[in-house]
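Q: Read in order, the letters of the sequence shown correspond to residues 3 to 250 in the numbering used here.
We treat Cβ as the ideally placed atom computed from N, Cα and C, and that holds for glycine.
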Amino acid sequence: MSGWVVVAGLGPGAQALVTPEVTAALAEATDVVGYIPYVRRVAPRPGLTRHESDNRVELDRARHALELAQAGGRVVVVSSGDPGVFAMASALFEAFEAGPPEWRALDIRVLPGITAMLAASAKAGAPLGHDFCAINLSDNLKPWALIEKRLRLAVEADFAMAFYNPRSVARPEGFGRVLYLLRETCEGARLIVFARAVSTPDEELRIVTLADARPEMADMRTVVIVGSSQTRLIPGTRLVYTPRGVPS
Ligand code: SAH
3 MSGWVVVAGL GPGAQALVTP EVTAALAEAT DVVGYIPYVR RVAPRPGLTR
53 HESDNRVELD RARHALELAQ AGGRVVVVSS GDPGVFAMAS ALFEAFEAGP
103 PEWRALDIRV LPGITAMLAA SAKAGAPLGH DFCAINLSDN LKPWALIEKR
153 LRLAVEADFA MAFYNPRSVA RPEGFGRVLY LLRETCEGAR LIVFARAVST
203 PDEELRIVTL ADARPEMADM RTVVIVGSSQ TRLIPGTRLV YTPRGVPS
């Protein structure tokens with residue numbers, strides 16, 4: 003039997019936010035491969051082998067998935083959110099491109115999921131309703147100087163911004179530096195949404211101004227949305243939105 007690899011997004015947490023397409027792929031799978039907490043979101047069943055790995059070994063994990071498929075396995079590589087957003091789809095293609103020629107015949111599909119910034123944006127209102135960008139604040143795979151450059155230019159272009167991986171135990175100082183840089187150029191009333199563990203039982207949504215934002219409001223389960231200069235809090239509510247247009 004010929005194998006396949008599906009790279010699937012499990013969404014931000016809630017089972018209701020897993021797409022039917024992903025559920026169907028998981029029902030057909032012989033193997034699930036991924037970072038430990040994501041693999042554990044897939045219920046065990048007879049005929050399904052769950053392969054859990056640590057979060058720093060994406061390329062090894064991708065190669066493993068491709069080898070399993072080459073041997074006839076029906077393999078689902080799981081990511082949280084969307085697999086194309088700071089997640090396993092790119093790692094899989096990196097491994098695939100560098101891999102042996104026989105892999106080229108493999109059936110590979112990417113199934114989208116609801117990414118954290120969109121789940122968070124929906125909870126807050128519509129802060130990403132106009133032009134926006136997403137920046138991964140982890141400097142594991144890129145120099146910190148590049149993060150600062152992209153941040154500076156995004157602020158200059160007045161994008162709303164979503165920050166993934168804002169703060170970890172290993173890099174506690176980076177997000178403080180980001181707030182410092184934002185304060186240099188943005189007004190103190192600029193709106194920031196700290197959305198933690200969206201769509202899980204631990205969900206917390208905090209809406210503050212840049213002046214009141216503190217580094218410890220973010221952790222690795224938080225996506226941070228910084229509004230553009232146009233982003234508004236509707237008075238008397240906790241609804242944040244960015245209007246569809248910018249006055250000329
Ligand atoms: N592929 C994922 C992102 C992986 S990077 C996606 O599309 O969502 C991991 C980062 O995603 C975390 O550090 C956090 O910033 C964000 N994140 C993932 N799930 C989240 C959730 N349920 N609530 C808030 N942020 C989340």
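Can you give, in chain order, each stretch of the beta strand (DSSP E) that sits fully within the stretch 73 to 99 and has at least 3 residues?
A: For the stretch 73 to 99, whole beta strand (DSSP E) runs of length 3 or above, ordered along the chain, are 76 to 81.
Q: From P217 to Y182, what does the alpha carbon distance come to, in whole angstroms?
A: Those two C-alpha atoms are separated by around 10 Å.
Q: From V195 to L155, what does the alpha carbon distance come to, in whole angstroms?
A: Looking at the two C-alpha atoms, the distance is approximately 20 Å.
Q: May I ask you to report which of helix, strand or coil DSSP gives H66?
A: Three-state DSSP puts H66 in a helix.
Q: Could you tell me the alpha carbon to alpha carbon distance between A73 and F161, rounded to whole angstroms?
A: When rounded, the distance between both Cα atoms is 46 Å.
Q: Over what stretch of residues does the alpha helix (DSSP H) that includes I110 continue unbroken?
A: No alpha helix (DSSP H) holds I110; the beta strand (DSSP E) holding it covers 109 to 113.
Q: Determine the contact status of A126 and V242, defining contact as a CB-CB distance below 7 Å.
A: Cβ distance < 7 Å, so A126 and V242 count as in contact.
Q: If we call anything under 7 Å between Cβ atoms a contact, is P168 one with L130?
A: Not closer than 7 Å, so no.
Q: Per the DSSP calculation, S55 is bridged to which residue(s)?
A: DSSP lists Y37 as partners of S55.
Q: Quick one: Cα of A124 to Cα of I116, how far?
A: Roughly 11 Å between the two C-alpha positions.
Q: Hey, V34 and V80 are a contact pair by Cβ (cut 8 Å); roughly how many whole angstroms apart?
A: Yes, V34 and V80 are in contact; Cβ-Cβ is about 6 Å, under 8 Å.
Q: To the nearest angstrom, how far is it from the Cα of T32 to the Cα of T244?
A: Distance between the alpha carbons of T32 and T244: 44 Å.
Q: Once DSSP output is grouped into helix, strand and coil, what is the label at T25?
A: Looking at T25 - three-state DSSP - the assignment turns out to be helix.
Q: What's the call for L61, buried or exposed, on a 16-neighbour Cβ count within 10 Å?
A: Exposed, by the Cβ-count rule.
Q: When DSSP labels each residue in this structure, what does T187 get in the three-state scheme?
A: In the structure shown, T187 sits in a helix (DSSP, three-state: H, G or I).
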